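Residue numbers (the working numbering): 108 to 476.
In structure tokens, the structure reads:
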């Protein structure tokens with residue numbers, strides 16, 4: 108059963124505890140450190156949390172009963188004094204909940220979706236987390252296989268083992284810590300192969316993440332390249348090709364490279380009006396006669412608006428054209444030119460509108476813009 112998003116308030120702390128146990132317990136097993144006062148408190152706390160998780164969600168998970176029976180009781184604290192030879196086994200039993208770490212993927216994916224992170228962000232984060240966990244486990248295994256001669260403490264042993272793990276997984280191998288036995292060499296080969304696979308996977312995810320950060324711009328540049336290649340193939344003069352290239356770059360800089368109507372059609376009807384009003388609010392607030400307009404009119408108008416981009420000197424419409432639309436100026440200046448093409452009747456700027464007379468009458472334009 109998939110745990111609902113609202114259960115993350117409990118699931119996230121639980122998985123965090125499982126992660127800490129998966130980090131701390133292998134190190135205790137590898138170093139063979141004797142039970143410490145803090146370890147007893149920690150084992151009791153972990154047992155309480157595991158028991159709470161089982162009572163809350165455990166009945167929904169296949170095999171959860173067996174995991175709970177193995178991992179909930181603090182075996183080392185209860186039986187370690189009477190069965191000292193079994194301490195390592197008791198510590199291994201604490202790791203029975205480690206497979207539950209697979210649930211971290213769902214949590215990370217849901218959080219990334221909620222925060223609207225790039226599509227590959229969850230995979231990159233998960234790859235980094237898995238990589239750190241693997242390196243920690245390999246370091247613990249190396250402590251067991253290699254006596255770490257000259258090490259003065261558990262900290263030094265772990266630092267040396269982690270150093271060997273990182274340089275081996277990265278296939279660097281400085282040679283200052285080398286495997287001496289056949290078992291250590293076989294283990295080193297396994298670590299090298301694991302490192303090659305992991306770094307390849309990590310680099311692939313990072314590349315996907317970087318690519319998704321600016322996916323829209325990449326698609327826009329590909330579109331420009333496709334159009335320019337077609338124009339050159341058709342032997343269109345370079346001057347016109349440059350004008351086309353400039354137009355598309357101006358379009359991108361003014362954030363009109365995407366078709367608003369197409370984007371809105373992908374949304375459910377309940378959101379289309381809300382998003383359309385939000386997109387056009389800044390423009391509509393500049394129009395004087397719309398400042399006191401009822402919300403219904405604003406909503407209807409917002410759904411009909413289409414973005415148009417014109418370069419300096421472009422002709423929006425000519426005198427004599429049939430009036431099938433009117434225009435609101437979001438940014439820039441528009442000259443209304445008389446039918447003779449010489450006299451400038453008016454200069455309009457942000458928030459003003461034009462072309463409404465021909466639209467209402469359905470007749471021809473009396474001037475050019």
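Just so you know, even glycine gets a beta-carbon here, dropped at the ideal spot from N, CA and C. As the structure is a computational prediction, the values presented were derived from the model and not from experiment.
From the DSSP secondary-structure annotation, give me the bridge partner or partners of residue i.
i, result
"residue 343", "The partner list for residue 343 (beta bridge, DSSP) is empty, contrary to what the question assumes."
"residue 441", "455"
"residue 429", "471"
"residue 460", "435"
What are the boundary residues of the alpha helix (DSSP H) that residue i is part of?
i, result
"residue 228", "228 to 252"
"residue 144", "144 to 163"
"residue 478", "Outside the displayed range of the chain (108 to 476) lies residue 478, so it cannot be described from this structure."
"residue 404", "402 to 411"
"residue 264", "261 to 276"
Secondary structure at residue i, three-state DSSP: helix, strand or coil?
i, result
"residue 475", "strand"
"residue 122", "helix"
"residue 281", "coil"
"residue 197", "helix"
"residue 167", "Low confidence applies to residue 167: its pLDDT is 48, below 50, so where it sits in the model is not reliable, and the reading given next is rough at best. Residue state, collapsed to three classes: helix."
"residue 305", "helix"
"residue 372", "helix"
"residue 417", "coil"
"residue 111", "Per-residue confidence for residue 111 stands at a pLDDT of 49, beneath the threshold of 50, marking its modelled position as unreliable; no derived number is given."
"residue 133", "helix"
"residue 447", "coil"
"residue 286", "coil"
"residue 204", "helix"
"residue 399", "coil"
"residue 297", "helix"
"residue 466", "helix"
"residue 139", "coil"
"residue 318", "helix"
"residue 424", "coil"
"residue 117", "helix"
"residue 215", "helix"
"residue 310", "helix"
"residue 177", "helix"
Cα-Cα, which of the options is closest to residue i?
i, options, result
"residue 283", "268, 384, 381, 309", "268"
"residue 438", "445, 387, 430", "387"
"residue 249", "152, 303, 133, 234", "133"
"residue 306", "374, 347, 295, 235", "235"
"residue 352", "122, 331, 408, 260", "331"
"residue 163", "149, 121, 252", "121"
"residue 231", "408, 312, 378, 446", "312"
"residue 300", "273, 325, 281, 288", "273"
"residue 276", "293, 147, 302", "302"
"residue 466", "447, 310, 431", "431"
"residue 394", "240, 138, 381, 409", "409"
"residue 271", "253, 260, 434, 130", "253"
"residue 265", "385, 130, 294, 373", "130"
"residue 446", "147, 473, 297", "473"
"residue 244", "260, 278, 218, 294", "294"
"residue 261", "389, 138, 144, 379", "138"
"residue 212", "197, 206, 233, 196", "233"
"residue 381", "405, 392, 181", "405"
Taking only heavy atoms of the ligand SAM into account, decide whether any of them is closer than 8 Å to the Cβ of residue i.
i, result
"residue 299", "Here there are no bound small molecules, and the ligand SAM is not part of this structure."
So, does the stretch 299 to 317 touch the stretch 340 to 349, judging by three or more C-beta pairs under 8 Å?
no
Touch test, the stretch 407 to 419 against the stretch 451 to 464, Cβ-Cβ under 8 Å, three pairs minimum:
no
Do three or more CB pairs link the stretch 425 to 434 to the stretch 398 to 412 at distances below 8 Å?
At 8 Å Cβ cutoff, the stretches do not touch.
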